[in-house]
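Residue numbers (UniProt numbering), protein chains in the order written: chain A, 1 to 182; chain B, 1 to 182.
2 protein chains.
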Amino acid sequence: MPETPGPAEPSLEEQIAAYQREFQDLDPQVEQVVSALSRLNRRMNVAYSRHTATLGISNAEWEVLKALVVSGAPYRLGPGDLAKRLGLTPAAMTHRIDRMANDGLVTRERDEANRVRVIVELTVEGREKWLEAMRMASVFEEDLLQDLSSEERAAFGEMLMRVLRRVEETQPDAGGRLSDLD
Amino acid sequence: MPETPGPAEPSLEEQIAAYQREFQDLDPQVEQVVSALSRLNRRMNVAYSRHTATLGISNAEWEVLKALVVSGAPYRLGPGDLAKRLGLTPAAMTHRIDRMANDGLVTRERDEANRVRVIVELTVEGREKWLEAMRMASVFEEDLLQDLSSEERAAFGEMLMRVLRRVEETQPDAGGRLSDLD
DNA sequence: GCTTCGAACTTTACTATTGAAGTCTTCAGA
DNA sequence: TCTGAAGACTTCAATAGTAAAGTTCGAAGC
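Structure (structure tokens):
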């Protein structure tokens, strides 16, 4: 039997202990919260990727579908708006829309009222993909919080919102690139 | 004055309301938790990027520094181990190490005891970069949780750990790619 | 009514990551 | 010892992202 199959990812406890060893004035409580947040998010994204992969789309495409659905009927947004919402450059958005239009998830057409603008619209197929992804996600998310009572979920959500508010107040943001959509 | 400066990112409340409108059997409480988690993580990564940028490194490079520091003295790991820990392919790791060795953050040498292996070792400069990044991060993180009392932080961390444990139990993971390190 | 400015998107060049194929080393069996 | 298989990285071709330059259209002055 293999003693250690190779140094895999250290546990959160090990990781925090290592940071404390290397950096004295670290608040272990703060670090535990932050590290758990980050690792949890990573695990969740891996799970979402599995979901979307079974539908033949990528997480990146799912994000675009989500943004369009959230915008509400008639599910239309310009590439620039989409880019802002997803935290991408306009150039990246252009390419992503290329691919998605190619796959029939959205249509792209010029806005005849103002021909500088472009309108990206969700197709029926795109909406159905979103719905299937959403179904899988909601089952997964419900399972995720299974060990928290309803009261705990409420307290958890409330604290998350408080921290989120704090970061949005203190970080002007300036249209941040990076990372995944909610 | 501009009525709306352009549809920016919708607030979490708006977003959740939109999901409920489009997808009836969605638990708003669950969705609030999940969306807040995801958005918070995004904001945090934007902030970390600002920190690392001022040090002249990227978040990607910082992740490698963190993994090496967490491994403890003498701060050595193989490219394969690093790739596992960061959730990257070995190929990506090869390139990342190229760049970092070029920048003097790590050294790369063949393991003379087993010449198939390669040893990546943190340099003094790399360790200092890590330390500076860590200082900035710890200030930011302390500020992030400012609105939570010590009791709340403990409860928050405990719930995060419970959810994390849940996802790690139910998702076999199989060495997930994707996303950022803790 | 030109002309210039700015906005919205696209194009281009470059960088980072992936998956698959390739290389080199070690180890176990014939 | 030779040979074959497996492991650890690297190389290669293709994909997706960024930053900056380029296009095109609309609007505001002169």
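Where is the CB? At the ideal position from N, CA and C, for every residue including glycine.
- Residue range Pro28 to Thr54 is occupied by the alpha helix (DSSP H) that includes Glu31(A).
- CA-to-CA, the gap between Met161(B) and Glu141(B) works out to about 18 Å.
- Look at Glu121(A): its C-beta is not under 9 Å from any C-beta on chain B.
- Within its own chain, the residues whose Cβ lies closer than 7 Å to the Cβ of Lys129(A), once the five positions on either side in sequence are excluded, are Leu55, Ile57, Leu65 and Leu105, listed in chain order.
- Using a Cβ-Cβ cut-off of 8 Å, Arg153(B) is close to Gln29, Val30 and Val33 of chain A, given in chain order.
- Secondary structure note for Thr107(A): its beta strand (DSSP E) is the uninterrupted segment Val106 to Arg110.
- Per DSSP, reduced to three states, the secondary structure at Glu121(B) is strand.
- Secondary structure of Leu145(B) (DSSP, three-state): coil.
- Selection Glu132(B), Glu169(B), Ser150(B) and Ser71(B) evaluated against Val30(A) yields Ser150(B) as nearest (Cα-Cα).
- If you draw a straight line from the Cα of Gly78(B) to the Cα of Val118(B), it comes to about 6 Å.
- The DSSP-derived three-state label of Arg76(B) is strand.
- Asn102(B) and Glu132(B) have their C-alpha atoms roughly 20 Å apart.
- One Cα belongs to Val163(B), the other to Asp98(A), and the distance between them is close to 38 Å.
- Per DSSP, the continuous alpha helix (DSSP H) segment holding Ile97(B) begins and ends at Pro90 to Asn102.
- Going by DSSP, Gln15(B) is part of the alpha helix (DSSP H) stretching over Leu12 to Glu22.
- Using beta-carbon distances, Glu109(A) does not count as an interface residue toward chain B, since no partner is under 9 Å.
- Within its own chain, the residues whose Cβ lies closer than 7 Å to the Cβ of Met100(B), once the five positions on either side in sequence are excluded, are Glu61, Val64 and Val106, listed in chain order.
- Residue state for Arg115(A) is assigned as coil, using DSSP reduced to three classes.
- Within 8 Å of the CB of Pro90(B), no CB atom of chain A is found; the nearest one sits about 13 Å away.
- Chain-order list of chain B residues neighbouring Ser58(A): empty, with the shortest C-beta distance near 11 Å, by a criterion of under 7 Å.
- The closest CA to that of Leu144(B), considering only Gly72(B), Met44(B), Met159(B) and Arg165(B), is found on Met44(B).
- Annotation: Glu9(A) is outside any alpha helix (DSSP H) and is labelled neither H nor E by DSSP.
- Within the same chain, Leu65, Leu105 and Val106 come within 6 Å of Gly126(B) by CB-CB distance, once the 5 residues on both sides are set aside.
- Contact between Glu22(A) and Val167(B) does not hold, since the beta-carbon distance rounds to 27 Å and is not under 8 Å.
- Counting the other CB atoms within 10 Å of its CB gives Asn59(B) a total of 16 or more, which places it among the buried residues.
- When the Cα atoms are used, Arg153(B) and Val116(B) turn out to be separated by approximately 46 Å.
- Using a 10 angstroms sphere on the CB of Gln32(A), the tally of other CB atoms reaches 16 or more, which defines it as buried.
- With its beta carbon less than 9 Å from one in chain B, Gly72(A) belongs to the interface.
- Residue Ser71(A) holds the alpha-carbon nearest to the alpha-carbon of Val120(A) among Glu14(A), Ser138(A), Ser71(A) and Arg39(A).
- Rounded to whole angstroms, the separation of the alpha carbons of Pro28(A) and Ser138(B) is 10 Å.
- For Ala47(B), the CB contacts under 7 Å within the same chain, skipping 5 residues up- and downstream, are Phe140 in chain order.
- The shortest C-alpha to C-alpha distance from Ser35(B) to any of Arg50(B), Gln24(B), Pro10(B) and Ala53(B) is the one to Pro10(B).
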